[in-house]
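Everything in the sequence shown is counted per the working numbering, starting at 180 for the first residue and increasing by one.
Presented below is the structure to which this report refers.
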Amino acid sequence: MYKKTIIIAAFGLLFLTSCGKEELAEEDLVDGRGIVGEQNAEEVEAGNFPLFWESAGEGEREFYTLPELEEEVKELLGDNYWPEVNLSAAELERLTGITEDMYVDFLAERQILDAHIDTMIIIHAKEDYVGTIEQAIESYRSGLIEQNKNYPQNLSKARASRIETINDYICFVQLGADTTSLADRGNEAMMAHCLEENEKALYVLEQAILQ
């Protein structure tokens with residue numbers, strides 16, 4: 180709980196100092212590596228956020244299973260984590276073209292209702308397939324943006340989605356939960372909110388994978 184509280188406070192400070200300066204432009208988020216205001220991609224990637232808590236010492240875990248990584252994200256986001264249905268290997272292949280011979284393991288979870296697109300995918304890639312899986316996820320993301328062009332709330336969520344490769348783990352986060360209350364403030368406000376949720380998730384995943 181201490182760790183969760185510190186991360187939330189830190190991200191609040193991050194977005195107060197960045198998002199208030201300039202509105203998010205949709206074209207800045209098309210490639211999955213969002214830019215906030217005048218910051219460049221390197222400045223907003225999860226790997227460049229400061230470390231907000233100390234090492235756990237002798238009791239620190241050295242390895243997380245994929246379900247444990249998922250739980251870390253769920254613990255931080257709480258009710259703002261909406262994915263609830265696990266995809267099978269066949270469903271992952273149908274959506275992304277990623278086949279079982281490309282990875283060691285995977286976790287893919289999305290919302291039960293097709294009208295909502297909150298999704299998290301973590302793929303532990305085989306070494307020779309890291310680049311192939313990255314390209315497949317990029318294509319999947321581009322398809323989601325195209326499919327949701329006529330649905331403003333989902334389009335903002337898709338444009339704010341992020342792809343991050345952490346060692347041989349490829350992570351795709353498309354989170355944000357309920358953005359209804361932000362709709363009257365426009366696409367930029369919805370994208371900023373979703374980007375913040377995605378960055379929280381990626382930060383937690385990176386700290387767990389790299390510890």
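Cβ atoms here follow ideal geometry from the backbone N, Cα and C, with glycine treated the same way.
All figures in this text were calculated on a predicted structure; none of them were measured in a lab.
Take Ala-356 as the anchor and find which of Lys-305, Met-370, Val-309, Ala-287 has the nearest alpha-carbon. Met-370
Below 8 angstroms, how does it come out for the region 306–314 and the region 341–352: are there three or more Cβ pairs, yes or no? yes
Just tell me which of His-372, Phe-351, Val-352, Tyr-348 has its CA closest to the CA of Thr-358. Here the closest residue by C-alpha is His-372.
Close-in-space but distant-in-sequence residues of the same chain around Asn-219 (CB under 6 angstroms, 5 per side omitted): Model confidence at Asn-219 stands at a pLDDT of 41, short of 50, so the residue's coordinates are unreliable and nothing is read from them.
Using only CA atoms, which one of Ala-380, His-303, Ala-304 lies nearest to Arg-340? Here residue 340 is Ser; the residue named in the question, Arg, does not match the sequence. It is Ala-380.
Close beta carbons around Pro-262, own chain, < 7 angstroms, minus the five adjacent residues each side: Glu-288, Arg-289, Gln-290, Asp-297, Thr-298, Met-299
Start and end residues, alpha helix (DSSP H) containing Thr-344: Secondary structure note for Thr-344: it is in no alpha helix (DSSP H), and the uninterrupted beta strand (DSSP E) holding it is 341–345.
Let me confirm a value: Asn-265 is counted as buried when at least 16 other C-beta atoms fall within 10 Å, else exposed. Which label applies? The Cβ neighbour count for Asn-265, taken over all protein chains shown within 10 Å, is under 16; the residue is labelled exposed.
What are the residues that DSSP puts in a beta bridge with Cys-350? Ile-301, Glu-343
Nearest to Asn-333 by alpha carbon, out of Ala-368, Leu-286, Leu-245, Arg-273? Ala-368
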